[in-house]
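Comments concern the structure below.
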Amino acid sequence: MLRHPDRLLARIVAPGAEPLSLAETKLYLRVDQSTEDTLVSNLIAAARTIAEAYLNRSLITQTWKLAFDHYAPRHTPLPCGPVQSVISVISYDRLNNATVIDPGLYWLDAAQDALRFYMPVPRAHRVEIVYIAGYGADYTAVPEPLRQGMLTHIASLYEHRGDADMPMPAQAIALYAPFREARL
């Protein structure tokens, strides 16, 4: 969950898969035995979480909710893209009565990962935008440089187990760089 003074971002549906399979990761690490499967699976999940935080992107399809106090700007950037679709935009009054905003009043600017309203959204106590983001439902949709960056990072984590202050490898950072989104 990410909180700013005027907005709150929360993931409400986690990804249903990882960008790397256990088999391909073990092959990259040159691990043959199954005794390391749990560790390697945990490293895959950790590397995805770190990559997503660094990139400010969703690698695998997941659902996010962005909530604003009082109003949503006419041009509303949607963090953790790439945004696939908008599920709903709901306005709440002070008594928590919900009003669904007509989808004809806004459109998804997928090129900029932003929601654009044709006219200003009326002031409300809270506005919530629920949307789906990620490259796709499984690893085949994730760009190869991001997958390679994760493998590089996992190899470093695997080799340096127990080192609490292990920085992300420079090679992973270089592979991630073209995909990194600026934080708002």
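Under the numbering used here, the first residue of the sequence shown is numbered 105, with each subsequent residue one higher. We treat Cβ as the ideally placed atom computed from N, Cα and C, and that holds for glycine.
Quick check: the stretch 249 to 261 against the stretch 197 to 212, are at least 3 beta-carbon pairs closer than 8 Å? no
Give a yes or no on contact between the stretch 159 to 176 and the stretch 237 to 251, applying the rule of three or more CB pairs nearer than 8 Å. yes
What are the boundary residues of the alpha helix (DSSP H) that S260 is part of? 248 to 263
Return helix, strand or coil for S145, following the three-state DSSP convention. helix
When you compare each of Y132, R178, I154 to R227 by their alpha carbons, which one comes out closest? R178
Member of D217, V190, R134 whose CA lies at the smallest distance from the CA of D206: V190
Quick check: Y196 and H229, are their CB atoms within less than 8 Å of each other? yes
Residue of L219, P249, L133, Q275 minimising C-alpha distance to A193: Contrary to the premise, residue 193 reads as Val rather than Ala in this sequence. It is L219 whose Cα lies nearest to the Cα of V193.
Runs of 3 residues minimum, wholly inside the stretch 123 to 184: which ones carry the beta strand (DSSP E) assignment? 166 to 173, 179 to 181
Am I right that I236 and Q188 are in contact with their C-beta atoms under 8 Å? What's the rounded C-beta distance? 5 Å
Hey, would you say the C-beta of R227 is under 7 Å away from at least one heavy atom of the ligand HEM? Within the structure as shown, the ligand HEM is missing, as the structure has no ligands at all.
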